[in-house]
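Chains as they are written, first to last, in the numbering used here: chain A, 53 to 166; chain B, 667 to 782. Heads up: the structure comes next, in structure tokens.
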Amino acid sequence: AQSVTQLGSHVSVSEGALVLLRCNYSSSVPPYLFWYVQYPNQGLQLLLKYTSAATLVKGINGFEAEFKKSETSFHLTKPSAHMSDAAEYFCVVSEIGGYNKLIFGAGTRLAVHP
Amino acid sequence: AAGVIQSPRHLIKEKRETATLKCYPIPRHDTVYWYQQGPGQDPQFLISFYEKMQSDKGSIPDRFSAQQFSDYHSELNMSSLELGDSALYFCASSRDYRTGKEDTQYFGPGTRLTVL
């Protein structure tokens, strides 16, 4: 069964600092991987997705993630945090050739301090 | 661009009542997914439909049922509501997943169900 593990349920950074949210996946075949963001009391917004075209994926709002098969990781980064980045971030996996259901990680709540 | 529409946005019910949640997918999307997000938890897959047929089923209670209609909108029917059903229910839509290519799921704003 596929799964994702997000390391750190809470991450706190200062405004302007590097953001690093960690995600490791478990899959028998290379999966499709996503990062979704959920702002308080809002729905889920797609940040970026990996579908095997390129290992470094750029998303919206300056975020990017790198797929590393050898480490089974898909960490999310942003060079400089902004106050508006404060939200819950979910690493998500979807099985190739399956029915496309998404399996979510437990989420990481990012806090950004001035 | 048009997004996924869910109604109602908020719903308050008593225990043992029934509730119906509606989802209108993005135009030309033929696949609909339902997820449940409990307080402080990650979303859990409930059920999905493609071309009005159930395509996959997750941890959906037997008290819940769902269907997709000819216009591709979907409804999640919940009966004998329990306190533990209080959650945010998301609907997502995508194009045909059967091509073997990933097709991104776009989420609606969710329906917040509170069971008293």
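Every residue gets a Cβ at the ideal spot worked out from N, C-alpha and C, and that includes glycine.
Contact set between residue i and chain B, taken where Cβ atoms lie within less than 7 Å
i                      : result
residue 151 of chain A : 714, 721, 722 and 763
residue 156 of chain A : 708 and 709
Reduced DSSP category for residue i - H, G, I as helix; E, B as strand; rest coil
i                      : result
residue 93 of chain A  : coil
residue 747 of chain B : coil
residue 153 of chain A : coil
residue 112 of chain A : helix
residue 121 of chain A : helix
residue 714 of chain B : strand
residue 31 of chain A  : The question about residue 31 of chain A has no answer here: the residues shown for chain A are numbered 53 through 166.
residue 737 of chain B : coil
residue 708 of chain B : coil
residue 726 of chain B : coil
CB contact below 8 Å: residue i versus chain B
i                      : result
residue 111 of chain A : no
residue 54 of chain A  : no
residue 60 of chain A  : no
residue 142 of chain A : yes
residue 115 of chain A : no
residue 205 of chain A : Given that chain A is displayed from residue 53 to residue 166, the structure contains no residue 205 of chain A and the question cannot be resolved.
N-terminal and C-terminal residue of the beta strand (DSSP E) that residue i is part of
i                      : result
residue 139 of chain A : 139-146
residue 676 of chain B : 676-679
residue 127 of chain A : 125-130
residue 692 of chain B : Unbroken run through residue 692 of chain B: none, as it is neither H nor E.
residue 730 of chain B : 730-734
residue 160 of chain A : 160-165
residue 103 of chain A : Residue 103 of chain A -> no beta strand (DSSP E), and no H or E assigned at all.
residue 777 of chain B : 777-781
residue 771 of chain B : That residue, residue 771 of chain B, is in no beta strand (DSSP E); it is neither H nor E in DSSP.
Contact set between residue i and chain B, taken where Cβ atoms lie within less than 8 Å
i                      : result
residue 108 of chain A : Neighbours of residue 108 of chain A on chain B: none; closest Cβ ~17 Å, over 8 Å.
residue 68 of chain A  : Ordered by position in chain B, no residue passes the 8 Å Cβ test against residue 68 of chain A, which lies about 29 Å from the chain.
Chain-ordered chain A contacts of residue i [CB-CB under 9 Å]
i                      : result
residue 730 of chain B : By Cβ distance, chain A contributes nothing, its closest Cβ being about 16 Å from residue 730 of chain B, past 9 Å.
Cutoff 8 Å: residue i Cβ touching any chain A Cβ
i                      : result
residue 696 of chain B : no
residue 711 of chain B : yes
residue 760 of chain B : yes
residue 773 of chain B : yes
residue 776 of chain B : yes
residue 690 of chain B : no
residue 738 of chain B : no
residue 755 of chain B : no
Beta-carbon neighbours of residue i, restricted to chain A and to distances below 7 Å
i                      : result
residue 735 of chain B : Those within 7 Å of residue 735 of chain B in chain A number zero; the least Cβ separation is about 20 Å.
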